[in-house]
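In the numbering used here, the protein residues as written are -1 to 324. Positions of the beta carbon are idealized from the N, C-alpha and C atoms, including for glycine. As the structure is a prediction and not an experimental result, all values here were calculated from the model.
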């Protein structure tokens, strides 16, 4: 129990140090403007826990060598100290010159994990080993080759709809021996759009569509649409043999897929429900209409879109729902 309490205290102390350093960097540097290249003044180097115990071992070795006048112990201590100092330099050089080129995140639904894609480029002709990006909840580590651009990924929980600001993260490494940690605080101004969570059991799609958006679409389907002259590549099952024999020319059947009428997803169709519940139902309706290939229009008190179908129309409708009232 005592060891668990000590480890928890150390974890809280480390968190306090990180928060204090992040706040200080935010005040002095502000939000990053990408692309951003790391310079010497942006990088901090501190010993790791393993490095601190290793330093204590070196001090003990030096004291023992001085106490017993043992030159070999002193030589070993100084040699290990020189190696440790070189690893601090290598950890620093493994980060300096790296460029944070861009950060992107695709929209998610509330309650899902937002995934931020972080692109880091090595502009020099030497590899960078064990480079890591770390946030409070996730981490990712990769090697970066000479002149190579590598995509890292950090996940972040989304709680509610709207814009989700990316939390600060560290670009760090402990190369080569893990004795020292070199890191830099990154504060990019990046947001992820969070859609409302779709309702689990929404009402049926409203049948209030109007217009001719539900006309059948010629192409592959089960219903006969008409005839046209045979073209090379048409499947034999679509050849109209009787009509071809009658006109002494090969004809192919044109099939069609019947389409239901466009539905109007209207804010005022859901009665006196809570606003967030209405948004969840509208989100579920949009996904269901897309799945069934039914064109749909969206009408809210503040915005409206005409009937449509497809990824762009779906994303535009979901964005309106995500930002409603913000």
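| Check | Outcome |
| --- | --- |
| In its own chain, which residues sit with a C-beta less than 7 angstroms from the C-beta of residue 285, not counting the 5 before and 5 after it? | 196 |
| If I'm right that residue 120 touches residue 145 with Cβ under 8 angstroms, what's the distance once you round it to whole angstroms? | 6 angstroms |
| With DSSP collapsed to three states, give me the class of residue 188. | coil |
| Is it the case that the Cβ atoms of residue 129 and residue 170 are separated by a distance below 9 angstroms? | yes |
| Output the distance between the C-alpha atoms of residue 49 and residue 93, rounded to the nearest integer angstrom. | 19 angstroms |
| Going by C-alpha to C-alpha distance, which of 36, 175 and 149 sits closest to residue 100? | 149 |
| In the DSSP assignment, find the alpha helix (DSSP H) that holds residue 83 and state where it starts and stops. | 69 to 91 |
| Is the beta carbon of residue 96 sitting closer than 9 angstroms to the one on residue 142? | yes |
| Helix, strand or coil: how does DSSP classify residue 214 here? | With a pLDDT of only 48 at residue 214, under 50, the local geometry of the prediction cannot be trusted, and the value read off the model is given with reservation. Here residue 214 sits in coil by DSSP. |
| Flag this pair as yes or no: are the beta carbons of residue 287 and residue 203 separated by less than 9 angstroms? | yes |
| Which partner residues does residue 100 have in the DSSP bridge list? | 117 |
| Would you kindly report the start and end of the unbroken alpha helix (DSSP H) that includes residue 55? | 47 to 65 |
| How long is the line joining the alpha carbons of residue 14 and residue 133, rounded to whole angstroms? | 14 angstroms |
| Out of curiosity, what's the CA-to-CA distance linking residue 277 and residue 110? | 17 angstroms |
| Among the candidates 44, 78 and 265, whose CA atom is the shortest distance from the CA of residue 58? | 78 |
| By a C-beta neighbour count over all protein chains shown, 10 Å radius and 16 as the cutoff for buried, is residue 319 buried or exposed? | buried |
| By the 10 Å Cβ neighbour count, where 16 or more other Cβ atoms means buried, how is residue 281 classified, buried or exposed? | buried |
| Where residue 212 and residue 205 are concerned, what is the direct C-alpha to C-alpha distance, given to the nearest angstrom? | Below a pLDDT of 50, predicted positions are generally treated as unreliable, and residue 212, at 43, falls in that range; no measurement from the model is reported. |
| To the nearest angstrom, how far is it from the Cα of residue 140 to the Cα of residue 102? | 18 angstroms |
| Roughly how many angstroms lie between the CA atoms of residue 237 and residue 247, to the nearest whole one? | 11 angstroms |
| Taking the alpha-carbon of residue 315 as reference, which of 228, 283, 290 and 242 has the nearest alpha-carbon? | 283 |
| Do residue 85 and residue 177 have their C-beta atoms closer together than 9 angstroms? | yes |
| Among 104, 294 and 87, which one has its Cα closest to the Cα of residue 181? | 87 |
| Measuring alpha carbon to alpha carbon, tell me which of 108, 201, 227 and 115 ends up nearest residue 321. | 108 |
| So for residue 142, helix, strand or coil by DSSP? | strand |
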